[in-house]
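The next block holds one structure in the form of structure tokens; read it before the comments.
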Amino acid sequence: MIKLRNLLLAAVGLTAAGCKSDFLTGGDLNTDPNRPSEATANQLFAASEGAIWALLGSDPARVTGMWAREFAGGQNQYQSIYNYLYDEGIQSGFNIGLYAAGGLVDIVRAETIAKAENNFALLGIVQVQEAITMGTGADLFGDLVYSHALSNEENPPLDNQLAVYDSVQKVLTAAIANMASTAATSSPPAGSDLVYGGDTGLWIALAHTLKARFYLHTAEVRPGAYAQALAEAQLGISSDGGNYFGAFTTSAAETNFYYQFEVTAGRAGYLIPDAQFVALLESRNDPRRAQYFNGGATRLSDARLAPNFPQPFVTYDENTLIWAEAAYRTGNQATALTKLNEERANHGLAPEVLAGQQLLNEILIEKYIADFQLGHEAWNDYKRTCTPNFAPTQAGQKMPGRMYYDPNERFTNTNIPPAGQGFNGSRNPNDPANAVSDGTGQACLAG
Amino acid sequence: MGELFQTGYTADNNVQISGGSDRTNFFSSVGLTNQVGIIKGPNSKYNRASFRLKGTQEVGSKITLGGNFSYVDARGAFVQHGNDVSGLLIGALRTPPAFNNQPYLTDRGLQRVYRFPNPTSVEAFNCCAYYDNPFFAMASNGNRSEVGRAISNFNVDWRPLAWLSVKETLGGDYYNDSRLQALPLTSANNPAGSVIRADQTNLVIDHNLIASATGNRGENLNATFTVGQNLNSRRYRQLSSQGEGLIGPVPLAIENTINQTGLEFKSLRHIESYFGQGELNLYNQFYLTAGLRNDGFSTFGASQRRHTFKKASAAWTFTNLLKGEDQTGLLSFGKLRAAFGETGREPDVYAALNALSTIVQFGSGYGDALRTSIGGVPGVTSSLRLGNPALRPELQRETEIGADLGFFNQKIDLSVVGYNKKSTDVILPITVNSAATGFTSAFKNTGSLTNRGLEISLNARPYTGQNLAWELGAQYGRNRGKVTSLGGAQIFDLLEGFGANEAEGADVIGYAPGVIIGTGFVRCGRGTQIAVPGLGAGAVQDIDALCAATPGGYKRNALFLGPNGLPVADPEIRVIGDPHPKYTVSYTSSLKIMNRLTLSGLLDVKKGGTQYDGTRGALYVFGTHKDTDRRSGTGTYGVDYDTKTYPDVAGPGKGVTGLSTPRDWENWLSIVGTGGGFTGPGEQFMEDAGWVKLRELSLTFSLDQPFIKSLTGFSSADIRIAGRNLKTWTNYRGFDPEVNNAGSEYLTQGLDWFANPQSRSFVLSFSLNR
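Chains as they are written, first to last, in the working numbering: chain G, 1 to 447; chain D, 1 to 770.
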């Protein structure tokens, strides 16, 4: 006979004896022992710096450099890209990079920590990082998810490109105010900041130059932007010591992207100087011809290909020329000429005496030269001014004005149309129509 | 090939001693295996030593204690192979026939390869791409592995009452796997040399406690009820060091490298389960079981930690009803059975957790990369994968129905089983919107798939006598897998293979899991619109209209040929092959003569399934494949070229000879054309990979006559001679249709890229028993 009672007792006894409610929790079971779960704001700031240097110095910059015809494509995929043949892969993951690891998700995380600690200096500096990231994103992609970013909603709507620039300007204004704070809890990331060493004065100047830069990017459709750019440039970077650059080193995976592309990744011959840019530099006897390229104009110069070359991304020269152009556009040719000559003197070039359209043209050509490898500025300025008025690399076609969104973002957001359609085309809808002139009355050939 | 391969041999020696008394039992064995591999040279070998001790002891009348301990030490040296430019076959097969790979070193001691027969320095190798000289690969002693493993358990068997038994097993399994993977200076994969040292340790501790109660009511009702608890702990750790840039040519050790990077990965997982099962045996015919299991996993989030699974089965030996239990007559045995069960699978360790990362790098697909910690400053980012604490177990439900039948006094037994397995909530890494989440992917329960199949096993003993016994068997298996959901996506790329333009493993809706996707040539009947070289100056053509205009009409799916007689590459990625067989059959036969001599054989058959012969495709490009040995002769698609893959053709090129001059052939097959493996679609190299293999033939002599004892001191001896993988019959054109570049870790089969074939072996073994 089955002794039911005894059986039940035995069963209960076993389970009571064996029951360990904490066998499944604790220690390495529910906490990943391989990855950190906390980070300080300084650590997040340091990593986001790398993400920004990549956004301004890795593949997207090489591509926009080719489109702006300062570089040419010598082989394989780069030859196709130079000839305006490209697809959704051209953004190389940098659309997602605006938001994921090192991008907005970590910038916002650092801002939250800085706010909680009342560390206004650090908060301001990280806000500058946010502005560079999203502002450059708007330059490359046009409309962007920004006000709905990191909201975890399905199909987040995109902000209009101009709305993104407006938000960026607000963030920079807040950043400047924060960095100027004298609160005792303000502690800039001196040890983590390889560019400015935590000097908030230099960061504030950078923020003003960035404001000027992004005002210029809206100037084609907003006439008042030049005056705003002028006001900001006057408070911007005032010497070469205030340049924002990538603090690369000679250690592996810490080196300059152009060096890596040419040497470590073995792509020598893909990215070569564009003949029309070399000719321009030589015709003006510009000393930067030797600084940028080697003697035979087959590659970058030895200095620029050094593994630890401190690649400039936002410079004093750029600020001076923004000042010059904005002054001209708001009617002050005297200041425009002074500033132009100031920038020329910085490179050992004799001062010039010009007026009217010739002066503007000279400012714009000088800027084109100074913009070399400066993020995407040569391309951004060309889109706005069509100067120099170079020929397209493919007869009858126009230079691309934007990059397509990442296909994975498109698959997971119904608001983004397929590549080539709607606002996901080869020009931003916010850019004026193609038939723009170069200011001297000639039609724009490639823009 | 004769210079690279040799006949390897294995010597396997084993001694087993067992004994005991009426209350004690023990068993011990010691074994030693020494193997020299089939690749020539000192670096293809494997040695293993093992030791085992097992014993049981009765204590009192109700308790039996048992213990088991074994230790294995295995060491091997290997030569790199497969899709590896420093591997054996890529260099060997791509070498042009006119180049002699011997000597493999120049007189200055540098490697001599067909692309640089006269190298000047180690640095000179940095400039360009090349493949290692196979003799150089064979001479490298940089690939070694040492594994030590200890498995032990302790068990207690307690019968406190006649109807109650309690059993406890506590076991541990520990292994340490030390590996060296090094490339010497001038290796094609890394001319500066590199050394990777990795140590993995894994410890599993398992506790299992079961109590069983049996009862009966008369003869016709027997019941058993079992409850149990299982606790399982798995601790894994891998510590590795990667050294880049050898300083001196030897030794291949971390201290001899310029830069070192260290990495560590640890994980710990626990499972806590409780289970209960009841079994009922009625009238000696009906056998019913039902069970419930509650599993708790530490790898799930807090809200999903425990889950319950059920199972049940029923079986009816209906012949016991019809005629009692003697197994005689035409239908001597018959049993019907059905079973249903559920199991749950846990996700990858730490998939439910969110954590930060120190290893994200910023850069592009060209290989430029910037780490997060630069210039000695620490940098941390979010991980790219979003942790999902709401992950549930992958649920697998299986239903099985079968019959076991015996005929002719059990001379023949037949077993037929059909099963239907449904997997739901399959855990897959799914792309998430980065703008909305700040991450690129997350694990989610979104997949589902089914596997349906049939297994039939037939054994026959046509003659069983004193001096002769003959047994035959056949096992047939057929499985149809189908992916039914991938979380909204049509294709889930497993990313195992050679790029989705050539051939890659993927899960595709409507197909079995792990099919091969790639590109193919343009075909008729698909509505393709594409530009055709030689037609309309680059304007897009309507392919179906061109096919319809072919004189003689066209078959659906016919290969489209442009006006130059050659097909056109179709960039759309689609399923190009399925490596799964239609069915597999194994035939066995065993003949025992005079109770002394046993002759047996095994024939394996795999029918159906296609495989990507990437080796052939690549060798077309290099011009070292026999097919490229064409000094004359023309090739016309649809008539005499590749007609097995493309029997039907249509379009303006039908009948046009596309390949006439040697220049035509070279342009088509090399890197500028689409007829070869690097730039051409992978579909061309999909081949029927069905095979029949004579897997084994063996002859065993058993000797137990008195003279054995007086001669050797042992009471009996067995001598066995066997051959394995003796012959293969197949239409597959590569070395072996049974290879797989992806190995056994990945879901994808059917990819062959310079993989080593299986080996044929002959075994002679002696065993002496006392």
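For each residue, glycine too, the CB sits at the ideal point set by N, CA and C.
At a cut-off of 3 residues, the continuous stretches assigned as beta strand (DSSP E) that sit fully inside the region 155-190 of chain D are 164-183.
By the Cβ rule, the region 372-382 of chain G counts as touching the region 133-141 of chain G, because three or more pairs are nearer than 8 Å. Between F333(D) and D404(D), the beta carbon gap of about 7 Å places them in contact (Cβ cut-off 8 Å). Counting along the chain, Q77(G) sits inside the alpha helix (DSSP H) bounded by residues N76 to Y82. Here H347(G) carries a coil assignment [DSSP, helix/strand/coil]. Taking C-beta atoms as the reference points, Q541(D) and L535(D) count as a pair closer than 8 Å. Per DSSP, M399(G) has no beta bridge partner at all. Judged by beta-carbon spacing, F714(D) lies within the 8 Å limit of R770(D), meaning their Cβ atoms are closer than that value. For I132(G), no CB of chain D lies under 8 Å from its own CB, so it is not counted at the interface with that chain. With the rule of 3 Cβ pairs closer than 8 Å, the region 561-570 of chain D counts as touching the region 511-521 of chain D. About 5 Å separates the Cβ atoms of A717(D) and L703(D), confirming a contact at the 8 Å cut-off.
The beta carbon of E325(D) is closer than 8 Å to those of N284 in its chain, skipping five residues each way along the sequence.
By the C-beta density criterion, S48(G) is buried, having at least 16 other C-beta atoms within 10 angstroms. Listed along chain G, the residues sitting closer than 7 Å to V432(D) by beta-carbon distance are T412. Proximity of W323(G) to chain D, defined by a Cβ-Cβ separation below 8 Å, is not satisfied.
Partner residues in the beta bridge of M686(D), as assigned by DSSP, are Y612(D). Against chain G, the beta carbon of V360(D) has neighbours under 7 Å at A101 and G102, listed in chain order.
Against chain G, the beta carbon of A355(D) has neighbours under 9 Å at T31, D32, N34, R35, P36 and S37, listed in chain order. In this chain, the alpha helix (DSSP H) harbouring F94(G) covers F94 to G97. Contact annotation: G447(G) and M399(G) have beta-carbon atoms nearer than 8 Å. Residues of chain G whose Cβ lies closer than 8 Å to the Cβ of H81(D) do not exist, since the nearest Cβ in that chain is about 25 Å away.
D640(D) is not a Cβ neighbour of L559(D), given a cutoff of 8 Å. Per the C-alpha coordinates, the member of A435(D), E394(D) and R760(D) positioned closest to L384(D) is A435(D). According to the DSSP secondary-structure assignment, N34(D) is paired through a beta bridge with A11(D) and N47(D). Straight across, the Cα-Cα distance linking G680(D) with F735(D) is about 22 Å. Around the beta carbon of K339(G), 16 or more other beta carbons lie within 10 angstroms, which makes this residue buried.
Here the region 684-694 of chain D makes contact with the region 590-610 of chain D; the two share three or more CB pairs at distances below 8 Å.
The beta strand (DSSP E) runs lying completely inside the region 510-580 of chain D and spanning 3 residues or more are 515-521, 529-531, 540-542 and 569-577, given in chain order. Under the three-state reduction of DSSP output, P273(G) falls in the strand class. According to the DSSP assignment, R267(G) belongs to no alpha helix (DSSP H), since it is labelled neither H nor E. Put simply, the backbone Cα of A268(G) is about 19 Å away from that of W67(G).
For the options R288(G), R304(G) and G295(G), the alpha carbon positioned closest to that of L349(G) is the one of R288(G). Considered as a whole, the region 435-464 of chain D harbours 441-464 as its complete beta strand (DSSP E) runs of no fewer than 3 residues, in chain order. Unbroken alpha helix (DSSP H) stretches of 4 residues or longer found wholly inside the region 22-77 of chain G: 41-57 and 59-67, given in chain order. Excluding five sequence positions before and after T440(D), the CB atoms of its chain that fall closer than 8 Å to its own CB belong to L384, R385, T431, V432 and S434, given in chain order. Looking at G331(G), T209(G), G241(G) and I125(G), the one whose alpha-carbon comes closest to that of I322(G) is T209(G).
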